[in-house]
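Peer 1:
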Amino acid sequence: MEATLLEMKNISKDFFGNTVLKDVNLTLKKGEVLGLVGENGAGKSTLMKILFGMKSIEETGGYGGTIEFDGKPVAFHSSEEALASGIGMVHQEFSLLPEFTATENIVLNRESTRYSVVSELFGSRLNTLDRQSMQKKAIEAINKLAVKLDSEMLVGDMPVGHKQFTEISRELSRDGMKLLILDEPTAVLTEHEALALLSSIKRLAASGISVIFITHRLAEILEVCDQILVMRDGCIVKQLDSGNASVSGIAKAMVGREVDTSSKKAKEVDVETAPVEMEIKNLWVDMAGETVKDVSLQVHKGEILGIGGLAGQGKLGIPNGIMGLYPAGGTVTFRGKEIKLNNPSDCLASGLAFVSEDRAGVGLLLDESLEWNISFSAMQVNNKFLKSYLGGLVKWRDEDAIREVTQRYVDALQIKCTSTRQKARSLSGGNQQKVCLAKALALEPSLLFVSEPTRGIDIGAKSLVLQALRRYNEQQGTTIVMISSELEELRSVCDRIAIITDGKVIGIRPAHCPSEEFGLLMVGHQGEGK
Amino acid sequence: MNKMQRFIKEFGWPRLIIAAFLLSLFVIAPFAGVNIGTSLTDTIMRFSMNGVMVLAMVPMIHSGCGLNFGLPLGIIAGLLGGTLAMQFGFTGKLSFLMAIVLCTPFALLFGWAYGKLLNRVKGGEMMIATYVGFASVSFMCMMWLLLPYSNPQMVWGYGGSGLRTTISTEGYYYHVLSDFLNIKIGHLSIPTGSLLFFALLAFLMWAFLHTKKGTAMTAVGSNPIYARASGIKIDSIRTLSVIMSTWLGAVGILVYEQAFGFIQLYNGPFYMALPAVSAILIGGASVNKASITNVIVGTFLFQGIVTMTPSVMNSIIHTDMSEVIRIIVSNGMILYALTRKTEETR
Amino acid sequence: MIKKTLSQDKSIKEFVLNNLVPIMFIVICAICIPVSGYSAPALVQEMLTRIARNSFLVISLLVPIMAGMGMNFGMTLGAMAGQIGLIFITEWGVVGIPALVLAAIVSTPISILLGWMCGKILNNAKGREMVTSYIISFFMNGVYQFIVLYCMGSVIPIKNSAILLPRGYGIRNSVNLINIRRVLDNLIPLRIGTVNVPVATYLVIALLCFFIIWFRKTKIGQDMRAVSQDMEVARRSGIKVEHTRLLSVIISTVLAGYGMIIYLSNMGSMNTYNAHSQIGTFSIAALLVGGASVAKASIGNVFLGVILFHMLFYVSPQAGKNLFGQAQLGEYFRVFVSYGVITIALVLYEMKKRRAAKLGGLTLAKAQEEK
């Protein structure tokens, strides 16, 4: 048996009291491929960030536990240190320069240079580049990966797969590379390219390089990994050898955690037979990283419809596309009337509202008061909080009405603030989220899209927000479409849940179905669930 | 103490230094033998001359188009209105009114085109605005020569064609506002008419910002994506703001000319944007936030320095360094606003 | 077949759009040259002189563009440093080539200091380098005036009454540079027909071109190209982004200082308070006329730009006179053209940037539609 390369012991990490990793243990042998799976937010990336010495870890108070790499205890303070010890990481987003060739990208800032006399005077940066030796280095790395990649092609002209190969080659071109971390490398690849990458991974492992492989495609994990770790809520919940693992076993472990849904009152009306409020047909949305390809859905009157799925599969694109924030196509009918796509004001005027997942970017006027934040949309769309003069020629802001409505929502949603004039920027994340919700509710919508309503907010605020959603659904009869990455959250609030994979609806189940069924849907197994 | 620090932080060191500098000038002035009354009259006069042009910065800052370095475009519309009113033979008070009426279509047209252009170059507005201003001024240099003006007070004496570089407004709208209800107390003379006119425009601006459209404009500047998600048509709001800025620039130069007594053509409008830009910044505005108070305070501080430095400096060190100080203060202020970390480009 | 002609059409359109500014200029020049009525040798002589005079300055703009900082309006800072160098050699009464070299030596530390300052400020204004460097040039103009108009002769020892104002301190509006007038141009005399060729100046410019070509091939040149594409990626790979940007501005400022010395030695006199601010606008306009963009510029752009821009500059007053009877009109026209060109080039650049961002989305939508 090969020697142990990496041993992480009792790793724990919390972000300001919010525990994201507890007591994680991990052992990796030389030449072994380790698969790491788990839902979004299970702690995979945090674990890898700790290993790779990313600055964000140290800035948020470091971590607990010990790491032993290549027989020595280590604690990296920067990714440079990790790189120097022989750990390479390929991140989800590309870190490439489009106007450089593959070679230039692979050896970026590690270019071979030719000695020049001037450098004696002004430092080594005035040495000229030795292009031949750079190319040799790059081709060597590409050969290690054994893929077809033109070393002289501009990265900007490459198909996505080749960009990924360039990225991996860059890590391989470093001297003494012992461990390679791949964060969802196949997410952007075509099937053919993914296969090529998988066989390269096997070849790398055979040559003695260990690989940590993070992916949502469970079949790939089974294909290449020697050992599989399933993470959930910051813990390793299951450790499997590839020999005795199955897709459904992994999926079940991933979502796990049965929640008590008995507290949820059953709806008096059966939502499935209620009239259709919104009909979505063949929707596509061009939202980077959340592309929607072809979604058809029916939303029934009075229900809370959940939309779930793993990150990057397109669930977030649906509300963003319908509400006109990203270019979209297809047909959306609301109460029998077709909604103009790519036209936010038409959507709002028809009685739709949207709480965006991007609070700072879309949801708030950070530098304006709560009054403005809450009243603005309703003022512009429904002509509320305005006083008319000169026969409607002058529409004057009615500050009293604005203060009054703001105060009402501050009370109703328990927004913690010093006054209604406070700037939105100075509120905590949870309270900002409530302000976003108040803004949408002030529109008094018939149908409300809520996207990731609990992302990045503390537990107390979470339950308040979810309760408020249910309350408005029950009391006002507002139809709600809630998009969330947290399946359990959806199951506790929604009536039905649609799962989106690869930009399409892969299945819709009632919320009381067992969670492993949803888990399977999420990883793309449509048939086995039934 | 903490409160003090926060006040300084919000107000900004440069503004504090400038205000202190102006205050010290006023304190030193009597000892240097400079008459406070005349200086104050001068300051108020210049304030009333320049106020409207500084006000012209407000709409574009509010809608997120940044500092209007393209003010010369509005000035050109004003010059066209001013010269046409004289060409058509309107005199006295009527000529001023007609100048405003005649400059309006040009301001609307220029502003509309300029706004459309700025909508296509979001993020790079300020640099392009600067050069739109320059290009239009230099284009009009040719036009002033070629356009068939014929009023003998305006065209070159010899040749009989092409406008003069400076045209006197004597007999037309010379001092129509400044002399209206003018108050004289000893050395102090207050151009009430000009001040009232500025106050009227400032009030209208303030009122506009309190309407539905005005609220939308502020929101577009504060967070364009938020505004779009609330159903606002960002581009048309931005265009509206540019048109307003341009029109105010046009009226601003007319107010300036009636008080100054001369129309300055050709290269005159070239660098007129910079004093207005720095004045509003000195008043406490930033690249994307501005209020009417900023306009008033800024114009007063800026014009105060411009009037006080030459007289006080001259009598103390017998050297007129005012030009240098003006350049350093005004551009230093713009530089400060551009490099503040909190105001990075969105 | 139809598809092919379509794509050909598209490529022609693309070519025109990408080279809109030079094409416009060639057309305007083609109209103005015959109208002006200048003879060919006169034109050639004038162009040879003007290329020699201006190229060095325009080349100094290339390095910051390489580092992704756009047009360095701060090059006027270098020009100021060059002028201060020239004031000192005139004061010291040095003549000939040694005077030029001495002026360059004096200007270097001043340029480095100013460039360092400018670079530091620009690092705080990422994303709006151009407008910031433009305001810096105004700001420093104030400081320059303070030093030259008030400090020289009073604090800084200047005695030469030929350059001092009659009041005893401050430099005159116009300084006669007879001591270095055309010394570089006439160092290696060459006369072809009636045309004088300033060989030595061209050699210096050639040397600078080689320097730029070599510089692009160095490690630091590569770093600059990396920084210009994506600062974050460059930073992650360990390149010192801020330092690299700072260096590019310093190099540009120093080169601009030398360029100004060559320019003024050719002119033979110095307009103390205006020369530097004009030169910034004209150099940038010339580079853009040559087909450079804010993001990409080559040595070829420099020479094409200097030729086209100065051709128009030279012929337009005469053309205006012959066409409208007013030389003044031609003068205004050339000013309009230089500002207009910068405007168009800036607008095209911003629009291209936005179009590139849009294009990514369009292809995606298309792929989905095809399904």
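Residue numbers (this note's numbering), protein chains in the order written: chain A, -8 to 521; chain B, 43 to 388; chain C, 123 to 493. Glycine included, each C-beta is placed from N, C-alpha and C at the ideal position. Since this is a predicted model, take the numbers as computed values, not measurements.
Could you tell me whether the segment 152 to 159 of chain B touches the segment 278 to 289 of chain B, where touching means 3 or more Cβ pairs closer than 8 Å?
Peer 2: A contact exists between the segment 152 to 159 of chain B and the segment 278 to 289 of chain B.
Peer 1: Would the beta-carbon of B:L343 fall within 8 Å of that of B:I60?
Peer 2: Taking the second sequence and counting its residues from 1, the one referred to as residue 343 of chain B is at position 301. Taking the second sequence and counting its residues from 1, the one referred to as residue 60 of chain B is at position 18. Contact: yes.
Peer 1: On the criterion of 16 or more Cβ atoms from any shown chain inside 10 Å, does B:W55 qualify as buried, or is it exposed?
Peer 2: Taking the second sequence and counting its residues from 1, one reaches residue 55 of chain B at position 13. It is exposed - the Cβ of B:W55 has fewer than 16 other Cβ atoms within 10 Å.
Peer 1: Run through the segment 371 to 450 of chain A for me and flag every whole beta strand (DSSP E) of 3 or more residues, listed as ranges in chain order.
Peer 2: DSSP runs (the beta strand (DSSP E)) wholly in the segment 371 to 450 of chain A: 377 to 380, 385 to 388 and 438 to 442.
Peer 1: Buried or exposed: where does B:M99 fall if 16 or more other Cβ atoms within 10 Å of its Cβ makes it buried?
Peer 2: Along the second sequence, one-based indexing puts residue 99 of chain B at 57. Buried, by the Cβ-count rule.
Peer 1: Among the candidates C:L430, C:F431, C:M389 and C:L409, whose CA atom is the shortest distance from the CA of C:I421?
Peer 2: Here residue 421 of chain C refers to the residue found at position 299 when the third sequence is read from its first residue. Cα-wise, what sits closest to C:I421 is C:L409.
Peer 1: What number of angstroms, rounded off, separates the C-alpha of A:R487 from the C-alpha of A:I406?
Peer 2: Along the first sequence, read from residue 1 onward, the residue named residue 487 of chain A stands at position 496. Along the first sequence, read from residue 1 onward, the residue named residue 406 of chain A stands at position 415. Approximately 29 Å between the Cα atoms of the pair.
Peer 1: Rounded to whole angstroms, what's the CA-CA distance from B:T335 to C:K132? Just pull it up for me.
Peer 2: Sequence index remark: in the second sequence, residue 335 of chain B carries index 293 (1-based). Sequence index remark: in the third sequence, residue 132 of chain C carries index 10 (1-based). B:T335 and C:K132: Cα-Cα distance of roughly 53 Å.
Peer 1: Going by C-alpha to C-alpha distance, which of A:G22, A:L99 and A:K40 sits closest to A:D61?
Peer 2: Walking along the first sequence from the start, residue 61 of chain A turns up at place 70. The residue with the shortest Cα to Cα distance from A:D61 is A:G22.
Peer 1: So, is A:G327 buried or exposed, given that buried needs 16 or more other C-beta atoms within 10 angstroms?
Peer 2: Here residue 327 of chain A is taken as the residue at index 336 of the first sequence, counted from 1. Exposed, by the Cβ-count rule.
Peer 1: Is there a Cβ from chain B that is less than 8 Å from the Cβ of C:Y272?
Peer 2: The count along the third sequence starts at 1 and reaches residue 272 of chain C at position 150. With 8 Å as the cut-off, C:Y272 counts as an interface residue toward chain B.
Peer 1: Tell me the rounded alpha-carbon separation between A:M80 and B:M375.
Peer 2: In the first sequence, residue 80 of chain A corresponds to position 89, counting from 1. In the second sequence, residue 375 of chain B corresponds to position 333, counting from 1. The alpha-carbon atoms of A:M80 and B:M375 are separated by roughly 45 Å.
Peer 1: Closer than 6 Å by C-beta to A:S437: which residues in its own chain qualify, once you throw out the five before and the five after it? Chain order, please.
Peer 2: Taking the first sequence and counting its residues from 1, one reaches residue 437 of chain A at position 446. These residues qualify, in order along the chain: G342.
Peer 1: Along chain A, which residues have their Cβ under 7 Å away from the Cβ of C:V371?
Peer 2: Position 249 of the third sequence holds residue 371 of chain C. Those within 7 Å of C:V371 in chain A number zero; the least Cβ separation is about 16 Å.
Peer 1: Anyone know if the C-beta pair for C:I285 and C:V297 falls short of 8 Å?
Peer 2: For the purposes of this step, residue 285 of chain C is taken as residue 163 along the third sequence, with counting starting at 1. For the purposes of this step, residue 297 of chain C is taken as residue 175 along the third sequence, with counting starting at 1. Yes, Cβ-Cβ distance for C:I285 and C:V297 is below 8 Å.
Peer 1: With 8 Å as the threshold, decide whether the Cβ of B:R162 is near any Cβ in chain A.
Peer 2: Here residue 162 of chain B refers to the residue found at position 120 of the second sequence. Output row for B:R162: interface = no.
Peer 1: For A:S368, I'd like the list of residues in its chain whose CB is within less than 8 Å of its CB, leaving aside the five on either flank, ordered along the chain.
Peer 2: Position 377 of the first sequence, counted from the start, is the residue given in the question as residue 368 of chain A. Once the five neighbours on either side are set aside, the close Cβ partners of A:S368 are L339, A344, K430, A431, A433 and L434.
Peer 1: Counting only beta-carbon atoms, is B:F152 nearer than 8 Å to chain C?
Peer 2: Within the second sequence, residue 152 of chain B is the residue found at index 110, counting from 1. No, because no Cβ of chain C sits closer than 8 Å to the Cβ of B:F152.
Peer 1: Give the interface partners of C:I173 over in chain B, defined as CB-CB distance under 7 Å, in chain order.
Peer 2: For the purposes of this step, residue 173 of chain C is identified with residue 51 of the third sequence, where counting begins at 1. Result: empty, since nearest Cβ-Cβ is about 25 Å, beyond 7 Å.
Peer 1: On the premise that C:P231 lies in contact with C:G412, defined as a C-beta separation below 8 Å, what is that separation, rounded to the nearest angstrom?
Peer 2: As a working note, residue 412 of chain C is residue 290 in the third sequence. As a working note, residue 231 of chain C is residue 109 in the third sequence. In fact, because the Cβ distance is near 31 Å, the residues do not count as touching under 8 Å.
Peer 1: Determine, using beta carbons only, whether C:T340 comes closer than 8 Å to chain A.
Peer 2: Taking the third sequence and counting its residues from 1, one reaches residue 340 of chain C at position 218. At least one chain A Cβ lies under 8 Å of C:T340.
Peer 1: Which residues of chain B have a Cβ atom closer than 7 Å to the Cβ of C:N396, listed in chain order?
Peer 2: As a first step, residue 396 of chain C must be located in the third sequence, where it is residue number 274. Those within 7 Å of C:N396 in chain B number zero; the least Cβ separation is about 13 Å.
Peer 1: Taking just the CA atoms, how far does A:V109 sit from C:F500?
Peer 2: Nothing about residue 500 of chain C can be reported from this structure: the residues present for chain C run from 123 to 493 only.
Peer 1: Which of helix, strand or coil does DSSP assign to C:W238?
Peer 2: Taking the third sequence and counting its residues from 1, the one referred to as residue 238 of chain C is at position 116. Helix at C:W238.
Peer 1: How many whole angstroms separate the CB atoms of B:G303 and B:T211, which I take to be in contact at a CB cut-off of 8 Å?
Peer 2: Within the second sequence, the letter at position 261 stands for residue 303 of chain B. Within the second sequence, the letter at position 169 stands for residue 211 of chain B. So it is a contact: roughly 6 Å between Cβ atoms.
Peer 1: Interface residues of chain A around B:G326 at Cβ under 7 Å?
Peer 2: Position 284 of the second sequence holds residue 326 of chain B. Within chain A, no residue comes near B:G326; the closest Cβ sits about 15 Å away, beyond 7 Å.
Peer 1: One question on the structure: do A:M168 and A:G77 come within less than 8 Å of each other, judged by their Cβ atoms?
Peer 2: Residue mapping note: residue 168 of chain A aligns to position 177 of the first sequence, counting from 1. Residue mapping note: residue 77 of chain A aligns to position 86 of the first sequence, counting from 1. In this structure, A:G77 lies closer than 8 Å to A:M168 by Cβ.
Peer 1: Let me confirm a value: A:T409 is counted as buried when at least 16 other C-beta atoms fall within 10 Å, else exposed. Which label applies?
Peer 2: As a first step, residue 409 of chain A is located in the first sequence; it is residue number 418 there, counting from the start. By the 10 Å Cβ count, A:T409 comes out exposed.
Peer 1: Mind reading off the beta-carbon distance from C:V349 to C:A189? Whole number of angstroms is fine, and I expect it under 8 Å.
Peer 2: Along the third sequence, read from residue 1 onward, the residue named residue 349 of chain C stands at position 227. Along the third sequence, read from residue 1 onward, the residue named residue 189 of chain C stands at position 67. About 6 Å separates the two Cβ atoms, so the contact holds.
Peer 1: Could you tell me whether the Cβ of C:Y436 comes closer than 8 Å to any Cβ of chain B?
Peer 2: Taking the third sequence and counting its residues from 1, one reaches residue 436 of chain C at position 314. C:Y436 does not count as touching chain B.
Peer 1: Using the three-state DSSP reduction, which class does A:K21 fall into: helix, strand or coil?
Peer 2: As a working note, residue 21 of chain A is residue 30 in the first sequence. The answer is coil: DSSP assigns A:K21 none of H, G, I, E or B.
Peer 1: Whose Cβ in chain B lies nearer than 9 Å to the Cβ of A:V372?
Peer 2: As a position in the first sequence, residue 372 of chain A is number 381, starting the count at 1. Chain B residues near A:V372: S272 and G273.
Peer 1: Please work out which residues of its chain come closer than 7 Å, Cβ to Cβ, to A:G420, disregarding the five sequence neighbours upstream and downstream, and give them in chain order.
Peer 2: Walking along the first sequence from the start, residue 420 of chain A turns up at place 429. The answer, listed in chain order, is G447 and I448.
Peer 1: For the beta strand (DSSP E) that contains A:V276, what are its first and last residues?
Peer 2: As a first step, residue 276 of chain A is located in the first sequence; it is residue number 285 there, counting from the start. Counting along the chain, the beta strand (DSSP E) containing A:V276 begins and ends at V267 to V276.
Peer 1: At 4 residues or longer, and completely inside the segment 296 to 359 of chain C: list those alpha helix (DSSP H) runs for me, N to C.
Peer 2: Listed in chain order, they are 321 to 339, 341 to 351 and 353 to 358.
Peer 1: Could one say the Cβ of C:V363 lies closer than 8 Å to chain D's Cβ atoms, at least one of them?
Peer 2: Within the model displayed, chain D is absent; protein chains A, B and C are what it includes.
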